[in-house]
Structure formats: structure tokens, C-alpha cells
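Worksheet: one structure, shown below.
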Amino acid sequence: MATATTPEAPAAEARFDRVATTTCGYCGVGCRLETRAVDGRIVSIGPALDGPANQGHTCLKGRFAHGFTRSPDRLRTPLIREDGELRPASWEEALDRIVGELERIKGEHGADAIAGLASSRATNEDCYAMSRLIRAAVGTNNIDNCSRVCHSPTSFALRKAFGLSGATGSFTDLDHAEVALLLGVNPTQGHPVVGARIKQAALRGCKLITIDPRRIELADYGEIHLSPRPGTNAAVVLGLCHVVHRDGLVDEEFVAARTEGYEAVEDLLAGYDPVAVEEITSIPAADLEAAAHLYGEAASGSLLWGLGVTEHKYGSEVVQLLCNLAMMTGKVGKPGSALLPLRGQNNVQGSSDMGALPDTYTAYRSVEDEGVASTFEAAWGAPLSRHKGLTIPQMFDAAVAGDLKAMYIFGEDVAQTDPDTAHVVAAMESLEFLVCQEIFLNETTKYADVVLPASAFLEKEGTFINAERRFQLVEPAIDPPGEARTDFEIIGEVSRRLGHEMGWESPWDALDEIARLTPAYAGVSRARLGRHGLQWPVRPDGSDSPTLYDTTFDRPGGRGHFAPLPYKAPGDAADEDFPLILVTGRILQHYNAGTMTRRTGNAQLVDRDVLEVHPVDAERLWIGDGDKVSVRSRVGRIEVEAKVTDRIEPGHVFTTFHFPETRTNLLVGQSADVNTSCPEYKVIAVDVRPISEQPSFVPVLADGD
Amino acid sequence: MSRNLVELIRRHHAVDAPTALELLKEAIEDHGELTDADRRHAAEVSGLPEAAVYGVSTFYDDLLAPRGRRHVRVCTGTACFVAAGERPVEELGAGLGGLAPGERSADGSVSLAETVCLGFCHSSPAVRVDDEVDAGPGAIERAIAGESRPAAEPAWSSLLPEPVLTRPGEWAGLRRALTELGRERLLSEVEAAEVRGRGGAGFPAGVKWSFVAKAAGSEKFVVANGDEGDPGSYIDKYLMEQTPEKLLEGMALAGFAVGAGHGFVLCRSEYPASKPALERAAARAREAGLLGAGILGSDFDFDVTIIEGAGSYVVGEETALLACVEGLRGTVSARPPFPAERGVYGMPTVVNNVETLSNIPFVAARGADAYRALSPDTETAGSKLVCFNERFARPSVYEVPFGMTVRELCEDVAGGLRDGARIKAVQIGGPLGGILPASLLDTRFDFDPLAAVGCMVGHGSILAFDESADMRDVARHLLRFGADESCGKCFPCRIGLRRAYEEFAADAPVQRGRLEELLEALELGSLCAHGGGIPAPLRSLLTHFPDELGLR
Amino acid sequence: MSRVTVDGTPVEVAPGATILEAAEAADRWVPTVCFDERQAPFGACRVCMVSVAGSPKPVPACTTPCRDGMEIRTEEATARRVSRAVVELVLSELPEPPAPHTELAQVAARLGVSGSRWSGAVHAREDDLRHPYLTLRHELCISCGRCVRACDEVQGAFALTATGRGFDANITAGLDAGFEDSTCVSCGACADTCPTDAISEVGLVAQLERS
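If you want it as C-alpha cells, here you go:
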């Protein structure tokens, strides 16, 4: 593309009748995009050269996977269920039905019989509006969002350890880090643009320590790769801390001046010498020691993690342990030394920051805090509940138990992506009334009474917050198709009809309200965000915060908190009946439920989920590359194609969850993070066997006694 | 050169492990053509990505032409062109059953390829069958009949009272450096000796060394540029094959002076005898404790790896040479960074020509003053090897002092042309050197006087055209060589040489104005001396033989 | 910091900064074809020639570091003549003029090069249209190396390579069997940087054909 030293390019952009600069709606990296449309269709998307996170780059999803916006099966009109079937309806009819049913249920069962889900895919303003709809118009705190099932443990742990729920630094820290330790994250697949930045940093000399049950691509560019047994991350981090402590790599000055609670951790670490850790994790003791020294001795080092840390029974505790490791070595709050959780969805950070959570208003201020609640009460002019609402898993339980009667789900296919699918489906079936606000029909809309046609990220305006806490502008590249409306309009309209007028003309009014009511975002405005965004906290003068905690932590007393948390076994374990451990995750070409990417050329690049199996297991189980296999867990069974690869360790298998034909999450049980209910998608004991058309070939387990 | 690719190779590789290029060469030598399996294997072993290996496999001449059981390569260098025109290619093609260059017979028995040049310029035409070079009258016929025989190497002699370059290596310089001089004095002797680079550019070796000595790097390297691609020159061939010890000693001295522990010689695949000769010499030196760990009982470690190129003229340019050493495409890179700062594997590297390094042992053994005294009639220090093409009566390699006239060299040293023919012009120093008409033969053979008449010392080859030569044919020949050998990196050379060649190849007058604009763009715009240098002989021809060029 | 002047305008640049960066700081245009600010300078196209006081020859702005006191002229006649001659050569290797929106076409227009006086060989037409998003039209390739470097220095996929040499130099993916049979991750950085549309996007090519 043009650079400052090439001529202005009117001819180049004149080919398009609408151009916009927006923020990508796929992962949490927050790439800034230039969109180009002709006749209401996107023709091309390129990277903004000055995008702070992407620096003129994108991945194939952000650049190419936009065709879904004009897919023939896009929802273009409201649908309502009649005689068991969804049929097209007018907005008037659909909204009347919603308002009528919600008022009826509220009247019969109280506001707490209703719940809403905001979406980590949607804008801050959408999420804020949804939260206001549920809290003020409906009158309950039963509002949650899908970050529950991915990064809620990160949020919980960072708040416990440091005070604020967000990365402590920025992606630019990767350019200054001597060492980067990656735990349970595969950036070249899940966060491709940051993955590319890490790879370049590694080639320039940043030493990588990769820790993952699979040998991820970045391991090929790193110094040390550790492959722990799934579910043993806590032991790995405790082992690293043990060696740091034992070998005098602790930044005593930092620990003394900036932290509290270290003594308890010191006592705990005694039990995690490398040999003991090897027993638990299967990581060779020498490799663990080398990794601890590499990180501990570096002048600067950053920690990155992803869903491979959080989606575990003790995910939030492992994040706390990572915070311990950073504090022990003084590697927090300095250039090159950042803790960078790689968020799954584009607005995982923002949807929670905006208070689309059952227990907090914006910026994680408790619904039980009288001062905060009364501020919102005054601003919204409606009485607000002082009691925490239900989390997503609690909503499903309550629905099955008959206590929750209605849900308004916006931008999440819970029946495809949430764990224990059978339980989710039972919950959906138990509801008296379900509204889905969506861009396509999906597994969940099968149970909906009303489906509202909404807008994709390329059709709306507002803001997202990326994984480095950066508010960035979202501008529409095209308009929603047919009668579809933006989510912001729909939520405002439903609220109005429920008798609560939000009083906003556009999302920018909502953003102004968020800034006015939230000290941490006080200086945020559309004009100030401009092309480069701002990283919260944003002070009233508009100055922002690329690095947190350079002098003090955001906790009472200003000290970072060490958590003495021991290793505990994961919620599932291999046994005789289910001898392999399944890890689930995603791949570069597809995005979560695949709703968008499966409707683009990406499906031509990858058209199915596959199960990665180590050659040793494959041989033992008589599985060949490309064979169809059955995968059975304690709660479900799927069929999928096998791919034999030594990227995975023996005893483990891996698959993705992008295709509804596979429905991987049928296999996932109820095990979830002890603090946040984030499901344990990453450790599932399974039995894998080939499906043969010739039964005589079905083997008996060769190694069986 | 991609820093990332270099870093990938560096991480993957021991310095003496085979590169992707060497693995591809082995493969084509083994089974006659490259397959994707060969490329994948090379990628896996070398650490180079598959695409990059593919790029390498499409760059070098040796990897492109399929090979039959008998692989015939015909020299199309300038000396052979002057001797026989395009006859060798035509006759061989016809004689081998109608093969065009680059083709293999249907039964796989024989294949034909062009090569530039085999370094038998004293005995043209030259034909290589497998690893044996035949040259001189009858060589074509013998190749067709399957009766090739090895051509004789030329005799060589020195005009100096005491030969310096034309005598076997003695390792006296290294002994003295290790026992008496030490690093710093060695470096200052070489600087004081003003050893100018013999590869063409004439840059003082001592200055280069001092840059590398000062450069920061966890390791450093010495690279001997043995890619003497200039058609008409066989001087480095002589040095590598007849006095390899002198080169190895020069490299060890360079390593000692700058703090390098390993050296690479990149010799040419067109000289099949060079690599074996160097390897034998290195083995003898290791046995004698002159290479390896703790040389001569000192704490100095130095060893060498001998690498063979794969058919690319531009690899003689130092950044392309480094790329070839690393097994990459032999394309030129912009400087800075210079090799002294970022050379092999991104580390500080001395790159010197073979003849330059072969001068160093004398400097180390006898001192700068003795070296400066070798050419008493001029300020230029040291002696020079020159060589002559087959047109001369006594074509061979001669060691001469700087400062003689070109006429003295041609007439007194090489005996004038054979069979009473008369010199029309001589091209000095290879295809990038200007062409000196007979009227200017009294020009002194030295850096500055030659530059003043649009010529250069270059490698020191003196290639005569007799009065039968058609200078438009000469221009076309030079431009074809230039276009064929352009590495393709910079635009002026990549496209411009092709256009210039097309001008002279077409059966039409050459438009002088447009040609001169093109020559200017090549001279001023090209990234390296290839595109920048080819205009020099064309400028000479435009000045001295305008009527023969068919200009408009 | 080095202090230099660009067409008389004094600017200060960081140590190691190139003449191109100084020109940018002085808001002076220097034509470029192989340059992309996301990549290390390459020095291949030789279109960014400028003159420097005291230097006998024009120098490429993208790879020449500034020295303190340098006097740079961006439109000096000899340098500009070389830039134009090179662009004219580039136009002569394409079987059709570059599309007006392409960077090459725009640089040519701004330099006042409207076509080429050179005839002769052009690149043979060979189009690879197999990928769902990326098109590779070899005949439009001018070997500027931007795609290969984007794949290397920005994405790190190493899926692209320069091929051949001299006039026949070109580019390809993997072992020349298409993007999909290479390590390509379909990020599109190559198409994004290509100054001639030799690599482009299926959607853009289709749009161009429609209009």
C-alpha cells in the first residue's frame, strides 16, 4: 500500500464507493482495518498501516473472511415460532411478542426469572446497552457474557494479584522482551498477527519458552519447549517458581518493596522441586530448570497465556501462579516485562469491562456496592437490584430447575460452543421463552421463540477493547442486509418498549455515558480514540496507560498479592475406559463456532475438524491418517477424521470445535473453574477407536491386559 | 539477503554442514535432475524453508540443466568465443544427436549445457565432459566421439627476480605471525603493505581487516572469493589448484589478524579440479598442525570449509558470494551493511579474493617494505598475475610487476599473437573491463593509468581480439553474457541488459541515443558492478569502433 | 541525531536513518517501487535515486544512510533521469500497462513516464487462480521482492520465494504448486504490498473486471 513517500493515491481508492477504518471483529488482537465496499458489498479489506496492534498486517480472517456478511442465508427479517416452526415476521410483530412475553414472565415469576447474555463479539456500547436493558428495563442482574467460557479466570486472577482485569503491558513489550514465556497459548493459530509478531521477535533474538501439550509452531522458533500433561499447568508454574527461588533468581528488592504474601508462597514451593514436578507433569526436570533459568536470568521477560491456561478446573489459580512468577522475578510493570493474556474474542476484554457480568457494573465495580449502584440508579432513573445475578452455567441450571423462564441471547451459539451440550439443550428446551439476536440461524436458534436479525461487526459502529486494554473505534463498512438492524438499535428499541428509554441517538452517546459513569474510562471519547485508540485507564485529560503498575499495584495498600496455591488434579483423568486425554482448541482458518468463517472461502482452505493423534497411539489403536474415528467421553460421542502427527504427545489427542457436523462440545462435561465457572474444555478423558466398514478390522486395545 | 533466512540457517546448522545448495548439487549429480523430494530433503536438513530451497534450485546453472549419463558442457566464455565463435555449441549440438543447450537425449545417455567459463582460455575451444576438461583444436570432435582427454594445464612463470605468487606455499608467514608478530603487528604490516584487492575493486585488504577486527561479533569468518567468473581469466584457478597452501595460509593469517576461527573458500564448479586440490591441501595442513585447533602450538584455532559454487557469475560479487556460501540464491544485497559488519551467518566477515589472500603470506613473512618493493616502477605494491587468451603465441599465467605497458605484456611477455595476426584490441580484466584499442597499447598496466582510459586491472586477464573480430558480435556476446548472468535483483541490470542485448541481437541498427541513456541508467543505477560494469566495454566500443556497431 | 538538508529544508534524523526517511521528514517525495515501510529496505528497484552534494553518482535513497551535513536533492536531473529510465524499463517487461490504481502506475504517472520506448521480450502469461482469495499472475511480476519479504519479515510464513534469475526472475509459492500446497497462511500480506497486482485478491480482480 501507499507509504508516506509515494504519491497520494486518489485513483487507488476511487475504485470503491465506501471506505472506512475499523477494528477487526475476529480475535482479541484488535487489528485496525481499512474496508472498501462497492454497491453495499465489501470488496476488500486491508490492514491500517498505523494500527497499533497490527502495524499494517492482518490474518486471513480479518482480511478475507468477510463474505459471510452477504451470505444468502444471512437473517434478513425477524422470525417468530408458530406451530413449532420459525416463520418470517415484521419487526412490529416480533417486538410485540418479546415485550409481551417478557412482561408476562416478569409479572408471573419476577424479574429474576429472566436472563440476558451479552456478547464478547459485540461492541462495548452493545454490551453496555444489553446490561442496562437487563438491569434497568427488566430489573435483574442476570446478565453475563461469553467471556465466562474463556477468560473469566484471567480477569479474576489479575484482579486478585494486581488489581485490574487486563494485560499489564502492551504488545510492544514483545519488541523489548529478552524472553517470552508462552503457556497454553498457540498464537500463530489463535492470534495470528501477534503470533507473527512473536515469531519475528524470536528471529531477532527474543528467546521463547513454549509450554503446551502440543508442539506449537512457535516452539520451532524458540529455545525451550515443555509438553506437560494436560491439566498440570499449576505444577509447571510452581516448579518454575521453585527453581527461581532455589537458585537465587528472586528479585528480592521488588518482592520486599512491592508485594505481600510471599512468605506463604516460599513455604509452598518447597514441595515442587523439578523431580516432583516431573512426576506430575512428565516434563524432564532438566528442561524445567533450564526454562526457569532462562526466564529468571533475563533482564526482561513477558508472560503470555491463553485458553490453555484458563479453560481448566483450576485455570484462575494458574493465572495467579503466573502472577507470582512475574512478581518473584520483578518482571511486571516494566518495558519488555508484561503479562499478556491473549483474549479469545475481539471484545472479551470490553464485554466484561462494560459490566455485562452478573456481579459488576463497568470496570468491575460490584453490584453490591451501594455507592456504585446508586450512581447507576440515578443515571438510569430505574431501581436496580443489589444482588448478584446468575452466571451462564447457573442460568442453564436454573432453567433446567424451572427457576429461569426466559432468556435473551445476543450473539452466542450456546448450544454449539458451551460445554455439556446435552445440558444446554435441556436448558433451552426448559425455557418458556427464548429470544436470539443473531446474524444466522444456528444450533441455539432451534429453540428460539423469536429470532431477531442483527448486524455483523462490519455493519456497526462503536468501540471494542483489545487484549492490551485498548479502546478502538468500530465504523461500519456496509449497512446491515435486508431488514436487519444493528444490535444497538434493537436493544434500545426493546428497552423503550419495556418502558425504559435509554435516551441515546447513537452508540457514541452510550460511550459518553460509559465515560461519565466510569472513572477508569473518564477520558474516553470518540474524538480522542481517533485512529490509534487509548489503553485504559484513561484519565480525564485523555492520557492513557500502555503499562500498568510501573510504580504501584491497584490494590488496597498498593502491593501485589502472592497467592499460595498448590497444584490440584484436573477435573477429569484418563482411566481404563477413557485412556486418552482430549484437548480442544481452534485453528487459524476458522473462528470458534465457525458461524462466520464457514461461510467464506476459508471453508475451502479447511473444511472439517480433525483429531490429532500421535503416531504411537495411532499405531496402537489401528488408526491411519485420514481414518474416521469415534471419540467417546463420559458425556458424549462424536465422529471425526484422524490426523496422525507428532506435534502432539502420546496419550493426548486434539481437535477443534468449528464445525456443527462434528459438535466437539458434546464431549465436554460439567467440570469448570472453581472460581469463575469457566468450563474445562482442555482436559477431557476420551476413548478413541476407528470406525470401520468392515467390523472384523475393529481391534481390541492392543496394550490391554 | 533475508536476515530471517540467514538466522534460520544459522540456528539449524553447524558451519561445516552441507547447505541447501550443496544438497541440491549432490542430488542432481546423483540422479540427473531435481525432484520435489530432493528439495524437501534439502529444506529439512538445512533449515531453509521449502520455498526458499525452490528459489535456490531455479537460480544456479548447474541445477537447471538435466544431466545424461554423459554430461557435456561447452564453454561459451569470451576466449572460446574469440577463437571459435558460436561453432562449438552448434557442432556439439548437432554431433550429439540434435541437442540444444539445456537438453538431454531421450535415452538419457547424453546431455548438453553451456558454461562460462572453464578457465582453459589459453587453449580454446574448451569442452567439459563430466569432470574432465578437453580444450584446443579437436576438442569438439573428441567430445562428440566420446574420446575426450584432459587438456594440459599451462606453464607459468614469473618476471620477478624472486617469484612470490608462482611458487609453492611455505607457511613461513603464518609461523612468523604466530611466533614473532602477533595479531596487531600482522594487521599493521598488512595495512602498511597496501595490498589492494585483486578481485576488481582494488580496495585495500588491510583496511577491510581492520574493520572486521574492530567489529563486534560472537564469532567471525574469513571467506576466500574463488569465484573467478570473468571469462578469459584463469589466475585464481591457477592459485587454487597449483599453490593452494598459499591461499590457506593467507586465510589463516586473516583469521589470526581479525579474530576469526573459521574460513570458507568458495571455488567454482566450472573448475572441477579446484575443490579437490584445496581439500587435499587443507588435509595436509591439518596433519602438519597448520590448520585446526592450536595451530603450531599457539592458542589460535582456525579451520576451513571448501565450498563449490553452482554456476553463477554474479556470485563473485561479495554479498552474492556470502549468500552462496550460506546455500541461498546468489543475489546481490545492498550495502551497508558490509560483510565486515554482517557477513556469513550475520557475523563480521573478511571477504578477500583468492589472489589477494595469496599475497598475504609474503607480507607476513617478509614485511610490508619488501612487498612494496616488488613493483619498483610504480607506487602500487606487490606483484600481479596476468593471463592471456589463446590468440597469443605464449598464452599462460605470468607473474609481473605493476607498471609495465600493456604492449610490453602482450608482445614481450606473451609473444604477440599467433600466426602473425595483429591485435585489434584487448579487453583487460574480464567482461566488466573496458576494451583497449591497439592504438592505446602503450598504456601502463596499473590501477590508475588503466582507469584513465576506461579500463581496469580487474582480475588481470588480457584477452586479445585480432583483426578478424567483428566488434558488433563482440558487443552482442558481452551483452548476452551480461543478461544471462544478471542475478535479477536490481531493475536496471535485470531488464536493461536484456534490452541492450536485444538491441544488438536484432537485425537492425542500434539506436545510439537510447542506448547511451540505457548505459547511463546501468552505470548509475545498478546495485553491483555487474550491471554497473558491462557498460564499460560498450563505452569503449562506442568510442573506438563506432563504425562497426551498426549505430543509428 | 544527524542534521541534513533535503531540497534545502533542514531536518534532523535519528542515527542510522536513511535518506528516504529524511525526505519523508522533510515532506519531499521520492519515487519508490520496491520499498514498503513495513519491510527492511531492499535496494532493488533503483527508482529512488537522489543526488547528494559531493557524491559523483546519484545514490538510492532507501538504502543510503544519512551523514551529518548531507545536502540531498530529490529532483536533481541525473538522478531523476535514472529513475525515469528504470521505470520505463519496468513498463517494457509487462505484457500490458499496469492498472491505473497500482502503485507502479501511480509512480510512473508522477514521474511523467507514460509508456516505454522499449520493445522486446515481455513476461509470459501464466495465471494461478486456484486459491480462494489470492491470485498470482506471473506476467505482472516485476521482481521487486515485496511479497517475498512480506511473507518473510511480516508474516514469517516463508511461503514465497524469488525464482529464476535475470530477466526471467519471478516469484512463486512453495515448490511452485500453488499457495495451498505451500506454508502459506493466506494472510494476504503479499497481495497487500504488491505494486502491480501480480499477486492480488480474487475479490478485487473480480471487481476490476466488473467495472
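Residue numbers (this note's numbering), protein chains in the order written: chain A, 482 to 1186; chain B, 43 to 594; chain C, 2 to 212.
Built from N, CA and C at the ideal position, the CB exists for glycine as well.
In this text, all values refer to a predicted model and were calculated from it rather than measured experimentally.
- By the criterion of at least three beta-carbon pairs nearer than 8 Å, the stretch 249-269 of chain B is not in contact with the stretch 206-217 of chain B.
- In the three-state reduction of the DSSP assignment, residue 73/C falls in the strand class, which pools E and B.
- Look at residue 2/C: its C-beta is not under 8 Å from any C-beta on chain B.
- Contact between residue 262/B and residue 108/B does not hold, since the beta-carbon distance rounds to 40 Å and is not under 8 Å.
- By the Cβ criterion, the stretch 1036-1052 of chain A is not in contact with the stretch 657-670 of chain A, since fewer than three pairs of Cβ atoms, one from each stretch, lie closer than 8 Å.
- When C-beta atoms of the stretch 606-621 of chain A are compared with those of the stretch 1001-1012 of chain A, fewer than three pairs fall below 8 Å, so the two segments do not count as touching.
- Residue 568/A places its beta carbon 8 Å or farther from that of residue 1128/A.
- One Cα belongs to residue 560/B, the other to residue 90/B, and the distance between them is close to 37 Å.
- Only exposed fits residue 256/B, as fewer than 16 other CB atoms lie within 10 angstroms of its CB.
- Not flagged as an interface residue toward chain A: residue 95/C, since no C-beta distance is shorter than 8 Å.
- Between the stretch 628-646 of chain A and the stretch 756-765 of chain A there are fewer than three inter-stretch CB-CB distances shorter than 8 Å, so the stretches are not counted as touching.
- Inter-residue distance for residue 609/A and residue 844/A is about 11 Å (C-alpha atoms, whole angstroms).
- By alpha-carbon distance to residue 605/A, the top candidate from 580/A, 945/A and 1133/A is 945/A.
- Not a single CB atom of chain B sits nearer than 8 Å to the CB of residue 922/A.
- Secondary structure at residue 575/B: helix, using DSSP grouped into helix, strand and coil.
- Sixteen is the threshold: since fewer than 16 other Cβ atoms of the shown chains lie within 10 Å of the Cβ of residue 1172/A, the residue is exposed.
- Comparing alpha-carbon positions, the option among 593/B, 355/B, 340/B and 483/B lying closest to residue 221/B turns out to be 340/B.
- Just so you know, the alpha carbons of residue 1114/A and residue 1056/A end up roughly 11 Å apart.
- For residue 49/B, a Cβ of chain A is located within less than 8 Å of the residue's own Cβ.
- Nearest neighbour of residue 69/C by Cα position, chosen from 126/C, 171/C, 106/C and 14/C, turns out to be 14/C.
- The beta carbon of residue 401/B is closer than 6 Å to those of 237 and 424 in its chain, skipping five residues each way along the sequence.
- Counting the other CB atoms within 10 Å of its CB gives residue 45/C a total of 16 or more, which places it among the buried residues.
- Residues of chain C with a Cβ closer than 8 Å to the Cβ of residue 863/A do not exist, since the nearest Cβ in that chain sits about 47 Å away.
- By the 16-neighbour rule on beta-carbons within 10 angstroms, residue 127/C is exposed.
- Residue contact with chain A for residue 46/B: present (Cβ-Cβ distance below 8 Å to some residue of chain A).
- 496 and 519: these are the residues of the stretch 495-521 of chain A whose beta carbon lies less than 7 Å from some beta carbon of chain C, given in chain order.
- Taking the beta carbon of residue 76/C as reference, no residue of chain B falls within 9 Å; the closest one sits roughly 16 Å away.
- Exposure of residue 77/B is indicated by the presence of fewer than 16 other C-beta atoms within 10 angstroms of its C-beta.
- For residue 115/C, the secondary structure class from DSSP, reduced to helix, strand or coil, is coil.
- DSSP links residue 888/A through a beta bridge to 596/A and 915/A.
- Proximity of residue 992/A to chain C, defined by a Cβ-Cβ separation below 8 Å, is not satisfied.
- Pairwise C-beta distances place the stretch 440-451 of chain B out of contact with the stretch 176-190 of chain B, as fewer than three of them are shorter than 8 Å.
- Excluding sequence positions up to five before and after residue 680/A, its CB lies within less than 6 Å of the CB of 702, all in the same chain and listed in chain order.
- With distances taken between CA atoms, residue 812/A lies nearest to 782/A out of 782/A, 838/A and 833/A.
- Residue 177/C reaches chain B at 96, counting residues in chain order whose Cβ is nearer than 7 Å.
- For residue 699/A, none of the residues of chain B pass the 9 Å Cβ criterion, the least Cβ distance being about 14 Å.
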